[in-house]
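Chemist: This is the structure I have questions about; it appears just below.
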Amino acid sequence: MSDGRKTIVVGVTGGIAAYKTCELVRALVRDGYRVKVVMTEAATRFVSPLTFRTLSAEPVTVSMWADEPDAKIHHISLAEEADLMVIAPCTANVIAKIAHGRADDMLTTTALATEAPLVIAPAMNVHMWRKDVTQRNVAVLRSRGAVVIDPTHGELACGDVGEGRLASVESIVEAVAAEAVRVRDLMGKHVLVTAGGTHEPIDPVRYIGNHSSGKTGFAVAEEAARRGARVFLVTGPSHLPDPFGCEVVRVQTALQMRAAVLARADAADVIVMSAAVADFRPATASSDKIKKTDAPAQITLERNPDILSELGARNGGAVLVGFAAETSEVEENAKAKLEAKCCDLIVANDVSDPVLGFGTDENRVLLVTRDAVERLDVLPKAAIAREILDRAVRLLEER
Ligand code: CTP
């Protein structure tokens, strides 16, 4: 079936807006996709399967139990074939079922079984859309990476006025096109990312820290999740919200970060150590707040373990990406760090540049591998995350 066309599975559920899905199917076919329609029983009350079969020139599936002449067709065939699944219109009932993992007909079974991206265009009565429970279910779907195209405001078939109308066919086609081209080259891989700085306590209210915001690491984690990876993000204190689709462990100190990283390192295919781990910690942390009258004349520091060096020495098989924050001789220092810490890639930046680096949204980095040194332009951190993962995927393929 590989004639170069991508397969879009279009799910149709039981709402009056199902008639607009005929236009959606036509538009997708016109745009060069193979379109396979799966309907709920209720949807067939609104539009006949024959209509979709004629528009898509493909068989339409409704039941799990039909006597299929082709033995290769089974209950997860569509899920496996799909490059993308779009459900339009999607009723409150089907949103609830998918959010909770129910699979009691062909459409919901396909939605549960597929690894492909999911685009959902809800349409329903305004009161059903606004109900807490529906909004919570929608949030669950979004947190799993589904693209939900909000319904629009207007007059509804039931006579009410409000939001609940199926989004325009053009906006659904646009969302499908954007998701269909997303690279999924980390599908099935485990990616472990560290981010932020660590806080090394002096007493319960004071610590030694640094200026790291965590933005680069969070961007790497989010991008890896979008590319299909299972992502663990271990971060020091950061105000940033959990990135989409990642399992997040929040720690304070270098020792806590080390424990969290080592617990997950063996399962990782790629490890990106973007955290600015404190190299030193106070040798003792007071359990009581130190009064200003008792201010110590000096604080004795001791070395923290170097997590990246430990990972390099273990040689666990993962592609190992380290960072280097330098103030001079960036390339030389990065190359030395690559060797010393047994990394596959070092992302180096010049932190002496006052307008770039910590806390900003852009940076200029040097990517250093054993074979090459690449100097990137000033880029948004999300773009730097893409560049880093492109290199990591390449290094993974060379293994
Ligand atoms: N790193 C680490 N554990 C530490 C310190 C650093 O894992 N205790 C990691 C960082 O996450 C980063 C890399 O090591 O990926 C480089 O850290 P950097 O502070 O730039 O270099 P250092 O090795 O500490 O060397 P120096 O301070 O001498 O430049």
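Using the numbering used here, the first residue of the sequence shown is number 336, and each one after it goes up by one.
C-beta: ideal position from N, C-alpha, C; glycine also.
Here the structure is a predicted model, which is why all the values come from computation and not from measurement.
Per DSSP, GLY497 is paired with what?
Modeler: GLY489
Chemist: Thinking just about the alpha-carbon of each residue, which of ALA669, LEU453, ALA660, ILE422 is nearest to the one in ASP688?
Modeler: ALA660
Chemist: To which residues does DSSP link ASP685 through a beta bridge?
Modeler: GLU661
Chemist: Pull up the distance between the alpha-carbon of GLU667 and that of LEU702, whole angstroms please.
Modeler: 12 Å
Chemist: Rounded to whole angstroms, what's the CA-CA distance from VAL566 to ASP604? Just pull it up for me.
Modeler: 10 Å
Chemist: Kindly examine the ligand CTP and report whether one of its heavy atoms sits closer than 7 Å to the Cβ of MET399.
Modeler: Checking the Cβ of MET399 against the ligand CTP gives no.
Chemist: Closer than 7 Å to a non-hydrogen atom of the ligand CTP - does that hold for the CB of LEU643?
Modeler: Yes - the ligand CTP has a heavy atom lying nearer than 7 Å to the Cβ of LEU643.
Chemist: Do PRO536 and the ligand CTP come close, with the Cβ less than 7 Å from some heavy atom?
Modeler: no
Chemist: Measure from the alpha carbon of ASP439 to the alpha carbon of each residue in GLU505, HIS534, TRP400, then state which is nearest.
Modeler: TRP400
Chemist: Measure the alpha-carbon distance for HIS546 versus HIS534 and round it to whole angstroms.
Modeler: 11 Å
Chemist: At a cut-off of 7 Å, is ASN639 close to the ligand CTP when judged by its beta-carbon and the heavy atoms of the ligand?
Modeler: yes
Chemist: Contact check, ASP679 vs LEU655 under 8 Å by CB: the rounded distance?
Modeler: 5 Å
Chemist: Determine the burial state of GLY346: buried for a count of at least 16 other Cβ atoms within 10 Å of its Cβ, exposed for fewer.
Modeler: buried
Chemist: Between which two residues does the beta strand (DSSP E) carrying PRO617 extend?
Modeler: 615-617
Chemist: Scan the segment 523-589 and note each continuous beta strand (DSSP E) run of 3 residues or more that stays entirely inside, going in chain order.
Modeler: 525-530, 565-570, 581-585
Chemist: Output the boundary residues of the beta strand (DSSP E) element that contains GLY346.
Modeler: Taken as a continuous stretch (DSSP letters only), the beta strand (DSSP E) holding GLY346 covers 342-347.
Chemist: Please say whether ALA613 and GLY532 have beta carbons closer to each other than 8 Å?
Modeler: yes
Chemist: Identify, in the order they occur along the chain, each residue of the same chain with its Cβ nearer than 6 Å to the Cβ of ALA611, setting aside the five sequence neighbours on each side.
Modeler: GLY532, ASN545, SER547
Chemist: Indicate whether THR348 and ALA377 have their beta-carbon atoms separated by less than 8 Å.
Modeler: yes
Chemist: Flag MET374 as yes when its Cβ comes closer than 7 Å to any non-hydrogen atom of the ligand CTP, and as no otherwise.
Modeler: Because no heavy atom of the ligand CTP lies under 7 Å away, the Cβ of MET374 does not count as near it: no.
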